[in-house]
Amino acid sequence: MKVCERQLGIIQKIVDAPGPSGFEDEVLKVAREAASWMPRIEEDAMRNLFLYRKEHDGSKPVVMLDAHSDEVGFVVHSIKPSGCLRFVPDGGWSTSGLPSSKVLVRNALGEYIPGIIALKPVHFMTQAERAGGNIEISSLVIDIGATSRQEAIEKFHIRIGEPVVPSAKFEYDEKNDLMFGKAFDCRIGCAALIETLRRLDGLDLPFDVVGVLSAQEEVGERGCKVAVNKVKPAIAIAFEGCPADDTFTEPYAIQTALKKGPMIRHLDRSIICSPRFQRYTLDLAAEKGLAIQESVREGGGNNGAVIQTALDGTPVIVAGVPVRYIHTMNCITSYFDYEATVQLAVEVIKSLTPEIVKGF
Ligand SMILES: [Zn+2]
Numbered sequence: 003m004k005v006c007e008r009q010l011g012i013i014q015k016i017v018d019a020p021g022p023s024g025f026e027d028e029v030l031k032v033a034r035e036a037a038s039w040m041p042r043i044e045e046d047a048m049r050n051l052f053l054y055r056k057e058h059d060g061s062k063p064v065v066m067l068d069a070h071s072d073e074v075g076f077v078v079h080s081i082k083p084s085g086c087l088r089f090v091p092d093g094g095w096s097t098s099g100l101p102s103s104k105v106l107v108r109n110a111l112g113e114y115i116p117g118i119i120a121l122k123p124v125h126f127m128t129q130a131e132r133a134g135g136n137i138e139i140s141s142l143v144i145d146i147g148a149t150s151r152q153e154a155i156e157k158f159h160i161r162i163g164e165p166v167v168p169s170a171k172f173e174y175d176e177k178n179d180l181m182f183g184k185a186f187d188c189r190i191g192c193a194a195l196i197e198t199l200r201r202l203d204g205l206d207l208p209f210d211v212v213g214v215l216s217a218q219e220e221v222g223e224r225g226c227k228v229a230v231n232k233v234k235p236a237i238a239i240a241f242e243g244c245p246a247d248d249t250f251t252e253p254y255a256i257q258t259a260l261k262k263g264p265m266i267r268h269l270d271r272s273i274i275c276s277p278r279f280q281r282y283t284l285d286l287a288a289e290k291g292l293a294i295q296e297s298v299r300e301g302g303g304n305n306g307a308v309i310q311t312a313l314d315g316t317p318v319i320v321a322g323v324p325v326r327y328i329h330t331m332n333c334i335t336s337y338f339d340y341e342a343t344v345q346l347a348v349e350v351i352k353s354l355t356p357e358i359v360k361g362f
């Protein structure tokens, strides 16, 4: 498989950009640059980013491509007398994986400064604390190395309400085609969305295609709720970075493995992906020989549910790039899966006609 340096560069920049829910500005800066050839780019007050083709004039039905730009992070809650920071989650985390993680805290100067999520050291724990069990997030702090509250404020310029993100930096192991980093949920989807638009550029389609990088998905699909009313899609594809299950699931039940192509979910807790559109996509992939996986998720939720139930109801599929350990500090995905997701989306969009969509 050939890796495109330009696309890899975009993936690296967009994955590394800090942007937990509500603080997507840096991500959108990268996206605007990566999609600078688009004739029209708009942003709303939610920090949703809209990418429009030149034929966006309301004369054609719209295919909406959605990917959420936010990642799971934290927000500074308060500053303790010790100079350590209390924090609240911004999106869903399992607290057991947090202690000893390196993070970046935005300060009042807009700089992201390093810190470590800390739990009381084992040497000072009581017997009961040592036995472990559930860790309350309120018992964790972010230690930025300050020696007092005053120093945290005056020297480190910490203030409450500021975002915190994992500090993991993107790495690509070319030999094994493995991408390591944070925030592949859903930045790998954002990169796939932008590349899909690029490959459709200049094609005469019976649809207008609008790309949306939507904000605040991780806290309840808030950006998408606004974006869908603006875009008014006739049909939609929601891109995702979705949880891979291949390292801890019985082989017979693996449905989202690394390097097996995009995961097209039949359902999760939020949506039954439009079954006719879903079947059409699976059949098309089989006909074209495209890598694809199908899953029935026991948990989860995504923007597709918001799009499907908006307006008069919209056919939706969700195309997820498998990512191992999403919603943790360090995740793994592959360029192969990214590329296969773009290929699938491009083929689906190229094949659709308004008549076919009516049948969904
Ligand atoms: Zn996601």
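Residue numbers (my numbering): 3 to 362. Note that the Cβ used here is the ideal one computed from N, Cα and C, for glycine as well.
Q.
For TYR254, count the other beta carbons within 10 Å of its own beta carbon; 16 or more makes it buried, fewer makes it exposed. Which is it?
A. exposed
Q) Within the 9 Å Cβ cut-off, does PHE172 reach chain B? A) This model lacks chain B altogether, as it is built from one protein chain only.
**Q.** Distance between VAL344 and LEU53 (C-alpha atoms, nearest Å)
**A.** 17 Å
(Q) Is GLU357 close to ligand 1? I mean its beta-carbon at under 8 Å from any heavy atom of the ligand. (A) no
Q. Hey, which unbroken runs of the beta strand (DSSP E) at 3 residues or more fall wholly within the stretch 236-298?
A. 237-245, 265-269, 295-298
Q. Of all the options CYS275, ALA193, GLU242, which has the alpha carbon lying nearest to the alpha carbon of ASP325?
A. Sequence check: residue 325 is Val here, not Asp. Checking every option, the nearest Cα to that of VAL325 belongs to GLU242.
Q: Apply the 10 Å Cβ neighbour rule to LEU313 and answer buried if 16 or more other Cβ atoms are within range, or exposed otherwise.
A: exposed
Q. Exposed or buried, what is PRO264 when buried is set at 16 or more other beta-carbons lying within 10 Å of its beta-carbon?
A. buried
(Q) Between HIS70 and ligand 1, is there a pair consisting of the residue's CB and a ligand heavy atom that are separated by less than 8 Å? (A) yes
Q. Does ligand 1 have a heavy atom nearer than 8 Å to the CB of GLY191?
A. yes
Q.
Are the CB atoms of CYS188 and GLU367 within a distance shorter than 9 Å?
A. The chain is shown only over 3 to 362; residue 367 falls outside these bounds and no answer can be derived.
Q: Would you check if the stretch 102-119 and the stretch 263-280 touch, i.e. whether three or more CB-CB distances between them fall below 8 Å?
A: no
Q) Looking at the structure shown, is HIS125 part of a helix, part of a strand, or coil, going by DSSP? A) helix
Q: Give the secondary structure of CYS188 by DSSP, where H, G and I count as helix, E and B as strand, and everything else as coil.
A: helix
Q.
With three or more C-beta pairs closer than 8 Å as the rule, is the stretch 175-193 touching the stretch 110-127?
A. no
Q | Distance CB(ARG88)-CB(VAL167) smaller than 9 Å | A | no
Q: Per DSSP, which residues does PRO91 bridge with? Please list them.
A: PHE76
**Q.** Contacting residues, own chain, Cβ-Cβ under 6 Å from THR316 (five flanking each side not counted)
**A.** PRO235, ALA238, ILE309, GLN310
(Q) Checking 9 Å against the spacing of the C-beta atoms, do VAL228 and MET66 come in under that value? (A) no
Q: Measure the Cβ-Cβ separation of ALA170 and GLY183 and say whether it is below 9 Å.
A: yes
Q. Looking only at its own chain, which residues have a Cβ that is under 6 Å from the Cβ of TYR282, when we skip the five neighbours before and after it?
A. none
Q. Per the contact definition of three or more C-beta pairs closer than 8 Å, is the stretch 76-94 in contact with the stretch 56-64?
A. no
Q: Assign CYS6 to buried or exposed, taking buried as 16 or more other Cβ atoms, counted over all protein chains shown, within 10 Å of its Cβ.
A: exposed
(Q) Going by DSSP in three states, CYS86 sits in which element: helix, strand or coil? (A) coil
**Q.** Segment contact flag, the stretch 202-222 with the stretch 346-356, C-beta cutoff 8 Å, min 3 pairs
**A.** yes
Q. Going by the C-beta, is ASP187 closer than 8 Å to any heavy atom of ligand 1?
A. yes
Q) Cβ of GLY243 versus every heavy atom of ligand 3: is any distance shorter than 8 Å? A) This structure lacks ligand 3; its bound ligands are ligand 1.
(Q) Measuring straight from C-alpha to C-alpha, what distance separates LYS122 and GLY94? (A) 23 Å
**Q.** DSSP three-state assignment for CYS6, whether helix, strand or coil
**A.** coil
Q. Just curious, the beta strand (DSSP E) that PRO324 is in, first and last residue?
A. 318-325
Q: Taking SER216 as the reference, give the member of ASN305, LYS15, GLU252, ILE16 with the closest Cα.
A: ASN305
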